[in-house]
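A short write-up of the structure that comes next.
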Amino acid sequence: MSDPAAEPLFCALITPHRSLGQNAFRLVMTLMCVATFVSSVPFMLAGAWPVAGFFGLDLLAIYLAFRVNFRRARSFEEVFLTRIELLLRKVGHCGDRREWRFNPAWTRLERVSDEDFGLQRLTVVSRGESVSVGNALSADEKADFADAFSAALATAKRG
């Protein structure tokens, strides 16, 4: 038999949104290579061959920016709530890991909103310690997350 106090009331995995997948990245880079080559040919034929090198540097800079973006996408946050414990875990893109454990009875969720931009920041506060959560979410996603998490936290507080 499982312990009812250890059953999850709320569980969320928050990852940064990336709109470009690996296949689309390959397609974009292939098109960029073709465009760079086609654009640099007239300059090379005109004797301005250093321009082709600068086109290549631009292409390299774009490639590196995408690689950094994909590496940063490896980070995530986990929120796990039971009746007796709230676990927040943040894992960075380099693998660095931080964890916070709170008693749900002493925990609240603070919201910072802007009337023009919606919900801007969510912070879990417990006994003087505060942890920002859901930074990778959009304002609408933060609102949905906050509503669901607040309802689960209220359930945990009721016992």
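Note that this note's numbering has the sequence shown beginning at 10, numbered continuously upward. We treat Cβ as the ideally placed atom computed from N, Cα and C, and that holds for glycine.
Spatial distance of residue i from residue j (CA atoms)
{"i": "G143", "j": "T39", "result": "34 Å"}
{"i": "L95", "j": "A157", "result": "14 Å"}
{"i": "L131", "j": "L36", "result": "37 Å"}
{"i": "K99", "j": "A152", "result": "20 Å"}
{"i": "F4", "j": "Q129", "result": "Residue 4 cannot be examined here, being either before or after the span of the chain that is shown, 10 to 168."}
Heavy atom of the ligand ADP within 7 Å of residue i beta-carbon
{"i": "L95", "result": "Because no ligand of any kind appears in the structure shown, any question about the ligand ADP cannot be addressed here."}
Assigned secondary structure, residue i (DSSP; H/G/I helix, E/B strand, else coil)
{"i": "E124", "result": "coil"}
{"i": "E138", "result": "strand"}
{"i": "R27", "result": "coil"}
{"i": "A21", "result": "strand"}
{"i": "L131", "result": "strand"}
Own chain, CB closer than 6 Å to residue i, minus 5 neighbours either side, in chain order
{"i": "G9", "result": "The first residue shown for the chain is 10 and the last is 168, placing residue 9 beyond what the model contains."}
Nonlocal neighbours in the same chain, by C-beta distance under 7 Å from residue i, ignoring five residues either side
{"i": "I71", "result": "M41"}
{"i": "W8", "result": "No information on residue 8 is available, as it lies outside the stretch 10 to 168 that the chain covers here."}
{"i": "F34", "result": "F75"}
Any contact of the stretch 153 to 164 with the stretch 13 to 22, i.e. 3+ C-beta pairs under 8 Å? With a cut-off of 8 Å, the stretch 13 to 22 and the stretch 153 to 164 count as touching, because enough Cβ pairs lie within range.
Cβ contact check for the stretch 20 to 38 and the stretch 71 to 84: 3 or more pairs under 8 Å: Cβ pair count under 8 Å is three or more, so yes.
At 3 residues or longer, what runs of the beta strand (DSSP E) sit wholly inside the stretch 78 to 112? Taken in chain order, the complete beta strand (DSSP E) segments of 3 residues or longer contained in the stretch 78 to 112 are 85 to 90, 95 to 100, 106 to 111.
Per the contact definition of three or more C-beta pairs closer than 8 Å, is the stretch 50 to 63 in contact with the stretch 117 to 129? No: fewer than three Cβ pairs fall under 8 Å.
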